Amino acid sequence: MSKISAQKTDTIYHINGNILTGDFKSLVYGVVIWKMEGMGTINLEEVKINTIISTKEFEIKLKNDHIYFGSFGASKTKRTTYIIDGDKKTLVKIDDIIEAYPIKNNFWSKTSGNFSLGFNYSKGSGVATLAFSGNLNYRKEKSFYSFNWDDNNTYQGDTLNSSYTNFNLTWQRLLNNGFSTQAIIGGGQNTELGTKFRWELDLMGVKDISYNSWNRLYAGTGLSITREKSYGNDGTQDDIAGIFQLVWKVYKFTSPKIWVDTSITYLPYFTDGGRYRASFNLNPKVSVFSDNFKVGFNFYFNYDSDPPSIEAFSTNDYGLNLQLTYYLH
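The opening position of the sequence shown corresponds to residue 4 in the working numbering, with each subsequent residue numbered one higher.
Written out as C-alpha cells, the structure reads:
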C-alpha cells in the first residue's frame, strides 16, 4: 500500500477488485469525477468504491457536517478510507463522504457548470418560446461562487410578446455544523409583472437539513434589498424585504440517471406594507448519450401580490420549456 500511496496518480479500489489509477477531480452528489489515461473523464458511483488513495490535499465534508482538510489513505476495512492530516489518521466510511474537492488545483480544475437551451413552438397560435440558461461555478477552500442566468423570451410572429430574465452572482461561505453564509447580487426583468428592471442584494444564513449521496435539502433566511424600475412609472423604488428559501436537489445515479432541482422562495416586504413576492422552480433532467448531456424541462412560477407598475399584465407569470443541457466539469 505504501508504494502505491507514493505514486503521483490517485488510486481507487473498486468493490469488484479492480484497481483504478488516474486523477481524482471531485466527489459530490454520490459521484466521483475521475480522469483516466486514455479514457478521458468518467463518473464513478460512490457506492462502487472500496477505498481511496490520494496524496493530494482535499476539503472533505461528511454527513455529520464535520469538515476535514487532508489526503486519502487506503484502509483494509471494507468500504472505508483514512483521512490523513499530518500525523493524524481518521477512519471514515466511504458513504459518509458527501463532498471532496482538491484545494490546491489550478483555476480550471475548480470550475464547473452547465448550459441549457430550450425551445417551444405552437403552429396554431404562432407562439414560440426560446430559453437559454446555465451556471458557472468556482470553488476554493470553504467558499463557493456561482454565476447563474435564465433568459426566457416569447415571440408571436416577429414580435417579442414577453420576456423573463434573471441573473445573479452567489457567494457561499461554509461554516461549522452544516451552516453557511450566503450573499447574492443580481438583477432581472419580467414584462408580464411590469418589472422593467430589478437589482437585488440578498444576505442570508443557510442550513443543510439533509445531505447525502442521493439528495441535498437546505433552507435559508435573511434580508433582501431591492431597487426596481417599472414600466409606465418614472423613477425607481427601493425596498427591504425578508427572504425565506427552501432548496431540494435529488439525484439518482443508477440507469437511467436522473437529476431534479427545485426551489421555493418567499419575500414579505417591510417597506411596502402588505406586498409579497414568491417564486417556484422545478427542473428535472435525465442523462442521454453520456453523463454530460441531459434532457428535461424547466418550469418556473413567479408571483407579486402588488406589482408597482401600472402596465403589469398580471400578478403572476409562469413558463414551461423543454431543455437540452450540457455539463462542463
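Every residue, glycine too, gets a C-beta built ideally from N, C-alpha and C. Only a predicted model underlies this, so the values are computations on that prediction, with no experimental measurement involved.
C-alpha gap between Tyr214 and Trp262, whole angstroms: Straight through space, the alpha carbons of Trp262 and Tyr214 are spaced by roughly 15 Å.
Expected contact under 8 Å - CB spacing of Leu23 and Ile36 to nearest Å: Not confirmed; about 13 Å, so no contact.
Under 8 Å between C-beta atoms of Asp153 and Asn169: yes
Buried versus exposed, by CB contacts within 10 Å (16 or more), Phe75: buried
Reduced DSSP category for Ser183 - H, G, I as helix; E, B as strand; rest coil: strand
Those runs of the beta strand (DSSP E) which lie wholly inside the stretch 89-126 and span at least 3 residues: 91-96, 100-105 and 114-125
Host beta strand (DSSP E) of Glu231 (start-end): Asn218 to Ser233
Three-state secondary structure assigned by DSSP to Ile22: strand
Cβ-based neighbour list, Trp202, same chain, cut-off 6 Å, excluding 5 preceding and 5 following: Gly190 and Arg230
Beta-carbon separation (whole angstroms), Asn155 vs Thr132, contact threshold 8 Å: 7 Å
Alpha-carbon spacing of Arg142 relative to Ser233, whole angstroms: 36 Å
Beta carbon of Asn193 nearer than 8 Å to that of Thr173: no
Exposure label - Thr157; buried when at least 16 CB within 10 Å: buried
Length of the line joining the Cα atoms of Gly315 and Asn324: The amino acid at residue 315 is misidentified as Gly; the sequence shows Ala. Looking at the two C-alpha atoms, the distance is approximately 23 Å.
Residue burial classification, Thr54 (beta-carbon count within 10 angstroms, cutoff 16): buried
Enclosing beta strand (DSSP E) for His17 [first to last residue]: Asp13 to His17
Beta-carbon proximity list for Glu49, same chain, < 8 Å, skipping 5 on both sides: Leu30, Gly33, Val34, Val35, Ile97, Asp98, Ile100 and Ser216
Selected residue, minimal CA-CA separation from Phe147, among Asn123, Thr114 and Gln175: Gln175
Nearest to Asp200 (by Cα), restricted to the options Asp237, Ala186, Ala244 and Thr114: According to the sequence shown, residue 200 is Phe rather than Asp. Checking every option, the nearest Cα to that of Phe200 belongs to Asp237.
Cα-Cα separation between Ile63 and Gln248, rounded to whole angstroms: 26 Å
Contact under 8 Å by Cβ, Gly333 with Ile313: Since the displayed the chain opens at 4 and closes at 332, residue 333 lies outside it and no answer follows.
Same chain, Cβ closer than 8 Å to Gly277, five either side skipped, listed in chain order: Ser308 and Asp309
Same chain, Cβ closer than 7 Å to Lys255, neighbours up to 5 away in sequence not counted: Trp217 and Ile261
Helix, strand or coil at Lys51 [DSSP, three-state]: Lys51: helix per DSSP, three-state reduction.
Beta-carbon separation (whole angstroms), Leu270 vs Ser317, contact threshold 8 Å: Actually they are not in contact, since the Cβ atoms of Leu270 and Ser317 sit about 18 Å apart, beyond 8 Å.
Neighbourhood of Tyr329 by C-beta distance below 7 Å, restricted to the same chain and skipping five residues each side: Asn117, Phe118, Asn295 and Phe296
Thr12 beta carbon less than 8 Å from that of Gly20: no
Boundaries of the beta strand (DSSP E) in which Pro271 is found, first to last residue: Ile261 to Pro271
Asn301, enclosing beta strand (DSSP E) - first and last residue: If you look at Asn301, you'll find it in the beta strand (DSSP E) that goes Ser293 to Asp307.
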